[in-house]
Structure formats: C-alpha cells, structure tokens
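Structure first, then comments.
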Amino acid sequence: MVRGVVAMAELPAFYDRVFGTLPGVLAAQGVEVTGPAFGLYRGIPAETVDLEVGFPTDRPVADDGEVTAGGLPAGRVARAVHSGSFDGLGPAWQDLAGWIAGQGLRPGDTFWEVYLTEPSPEMDPRDLRTELNWVVS
C-alpha cells in the first residue's frame, strides 16, 4: 500500500498515481493481488486526508520507500455498498453515519472503501459498486 496525506482536491490524482504504479511494483516482487483495491482513511477528511491505498495480496510486499506492507483494521465494522459514481460517496458515507448513530453505535476514526468494480473510461458510472466500511464501538 501507499500512504499519503493529500489535499482533498488532489485525491483523484493520488489514486490515479497509486493505481498506475502499484501493480507494477507488486508484479516485480512476484506478489499476487488477491482482491479488489481499497482506500483506508485515518481520521475524518477535511482539507487534507490521511490515507493508505492498496490491494490485498498473497504475502507482504517488500518496503521500497513508498510502497509498504500493511493491512486493514480488525474489529466491529458497519458496512454498506454504494451503487453509482464516486461523486455519490459523500452522501453514502453520511447515510452510513446516520445508520450507525441510529443503532446506538459510535463511529471510529478509521474507515475504508473497497472498490468492488474497477472503473474504466467507457463504463457507465452507475455501474460502479463501492463497499463502505466503518469501525464502530
């Protein structure tokens, strides 16, 4: 995975850069991708966001200074699936936050997205599926 503290306006470019280079780094090390890409957020995004972007793999990747091994957090998680474009993720997270509060749970400061469908320029954005995961207590 690749970690960064990124301005919100630069978030799409960060994802594009990571997804453009990370598969080659993994392949060069003989590391196999075993599932869909994810973005792990540490803290509630504001003007900047602290995140880690990567893929689940069959074994840890060797640290190359930018790419490091890591993992998703363990614990109790509230989960939802958003159907549609990435532009709708903000409202989807707000809906999940409302559901969490309605259950009497407290949202943690760690959450992640799993990109169940790989975006492509020719696809209809309505076909995108993104799994939302929020650590709760």
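When the letters of the sequence shown are read in order and numbered with numbering that gives the first Met the number 0, they come out as residues 0 to 136.
Think of the CB as a built atom: it goes at the ideal place given N, C-alpha and C, for glycine as much as any other residue.
Model, not experiment: these values are computed from the prediction.
Integer Cβ distance of residue i from residue j, believed to fall under 8 Å
| i | j | result |
| --- | --- | --- |
| V135 | P106 | 6 Å |
| M0 | V52 | 6 Å |
| G34 | W111 | That pair is no contact at about 13 Å. |
| G125 | G83 | For the record, residue 125 in the displayed sequence is Arg; it is not Gly. Confirmed, Cβ separation roughly 5 Å. |
Residue interval of the beta strand (DSSP E) (run including residue i)
| i | result |
| --- | --- |
| G87 | Element bounds for G87: n/a, residue is neither H nor E. |
| T116 | Here T116 belongs to no beta strand (DSSP E), and DSSP marks it neither H nor E. |
| A61 | Neither: A61 is in no beta strand (DSSP E) and is coded neither H nor E. |
| A79 | 76-82 |
C-beta contact flag for residue i and residue j at 9 Å
| i | j | result |
| --- | --- | --- |
| A91 | L131 | yes |
| Y114 | A36 | yes |
| H81 | T47 | no |
| F54 | V32 | yes |
| R2 | G69 | yes |
| A77 | W133 | yes |
| A118 | L127 | Strictly speaking, residue 118 in this sequence is Pro, with Ala absent from that position. Yes; because the gap between Cβ atoms is below 9 Å, this pair is in contact. |
| D108 | I43 | yes |
| L95 | A79 | yes |
| R58 | V30 | yes |
Extent of the continuous alpha helix (DSSP H) run through residue i
| i | result |
| --- | --- |
| F37 | Looking at the DSSP string, F37 is not in any alpha helix (DSSP H); the run it does join, the beta strand (DSSP E), is 37-41. |
| A27 | 10-27 |
Cross-strand partners of residue i (DSSP beta bridge)
| i | result |
| --- | --- |
| F110 | Y40, W133 |
| E51 | R2, L39 |
Just checking, does the segment 19-33 make contact with the segment 59-73 on the three C-beta pairs under 8 Å criterion?
yes
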